[in-house]
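> First, the structure itself, so that you have it in front of you.
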Amino acid sequence: MRSLRGRLVLAMVVAAWLSVAAVGLVTGRLTVARFDAYLRHPMLVERRMPGMPGQMQQMMRGMVGVPERRFLADVRRAIWLAALAGVLVAAVVGTLTARQITEPLRRLGAAAARVGRGELTHRVPVESEDEIGELGRTFNAMAAELRRAEESRQQLLSDIAHELGTPLAVLQANVEGMLDGV
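Those letters in the sequence shown? Residues 12 to 193, per our numbering, in order.
Laid out in structure tokens, this is it:
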């Protein structure tokens, strides 16, 4: 991927997905472990199965019922929905943030192309005080310096042409006189 905007969005989405996935995995494992421990707790089993022989209670502790499995499936589903929501939010926020970061860079690139074509009066609007704003101010200073250098060059050429005009006119008159035999 070549565009900075695309790479920024992708980085934000990957970071969001990884963080949500990590939280989801840890939460899922802890939920299952805690819920299983809760279901196997002797006091709970005794309350659910009063007066049941010891072997039967042991067997019941090992079994997880349909409501419990449904609860764990709902927890897993909620975790993955949260992960999906996190990725979507990261994609939207990443796109907006990347656009905010890259738009001044695009304008700066377009301005550099115009200055490169000789439009030395073109300037970049600077809207921020961050590194990109500093880059814009530096670019504007460079363009102003290029314009001053171009004006100085043109003035020098004009001065040289003016200064050489008189001696060349005299020389031209002498050559024409020689050609005419004067």
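Virtual Cβ for every residue (Gly too), placed ideally from N, Cα, C.
From a predicted model like this one, the values you see are computed outputs, not experimental measurements.
For Gly129, which of helix, strand or coil comes out of DSSP?
By one-based count along the sequence shown, residue 129 stands at place 118. Here Gly129 sits in coil by DSSP.
> Should Met2 go down as buried or exposed, given a rule of 16 or more other Cβ atoms within 10 Å for buried?
Since the first residue of the chain shown is 12 and the last is 193, residue 2 is not available in this structure.
> Determine contact between the region 128 to 138 and the region 154 to 162, defined as no fewer than three beta-carbon pairs at a distance below 8 Å.
yes
> DSSP three-state label for Val34, please.
Along the sequence shown, read from residue 1 onward, the residue named residue 34 stands at position 23. Note: Val34 maps to helix in three-state DSSP.
> Decide if Val25 is buried, meaning its Cβ has at least 16 other Cβ atoms within 10 Å, or exposed.
Mapped onto the sequence shown, residue 25 falls at position 14. Flag for Val25 reads exposed.
> Specify whether the region 26 to 37 and the region 111 to 118 touch according to this definition: at least 3 beta carbon pairs, one from each stretch, less than 8 Å apart.
no
> Taking 8 Å as the threshold (C-beta atoms), are Arg16 and Ala123 in contact?
Numbered from its first residue, the sequence shown carries residue 123 at position 112. Numbered from its first residue, the sequence shown carries residue 16 at position 5. No. Outside cutoff.
> Under a three-way DSSP split, which group does Glu140 fall into?
To locate residue 140, count along the sequence shown from 1; it is residue 129. Coil at Glu140, not helix or strand.
> Applying the criterion that 16 or more other CB atoms from any shown protein chain within 10 Å of the CB defines a buried residue, is Ile143 buried or exposed?
Counting from 1 along the sequence shown, the entry for residue 143 is found at position 132. With 16 or more other Cβ atoms within 10 Å, it is buried.
> Return helix, strand or coil for Val186, following the three-state DSSP convention.
On the sequence shown, position 175 is the one that residue 186 refers to. The answer is helix: DSSP assigns Val186 an H, G or I state.
> Considering only residues of the same chain and omitting the five flanking positions on each side of Ser14, which have a CB-CB separation below 8 Å?
Here residue 14 refers to the residue found at position 3 when the sequence shown is read from its first residue. The beta carbon of Ser14 sits closer than 8 Å to those of Thr113, all from its chain and outside the five residues before and after it, given in chain order.
> On the criterion of 16 or more Cβ atoms from any shown chain inside 10 Å, does Ala94 qualify as buried, or is it exposed?
Sequence index remark: in the sequence shown, residue 94 carries index 83 (1-based). With 16 or more other Cβ atoms within 10 Å, it is buried.
> For Val43 and Val37, what's the separation of their Cα atoms in angstroms?
What you label residue 43 is simply residue 32 of the sequence shown in a count that begins at 1. What you label residue 37 is simply residue 26 of the sequence shown in a count that begins at 1. C-alpha separation (whole angstroms): 10 Å.
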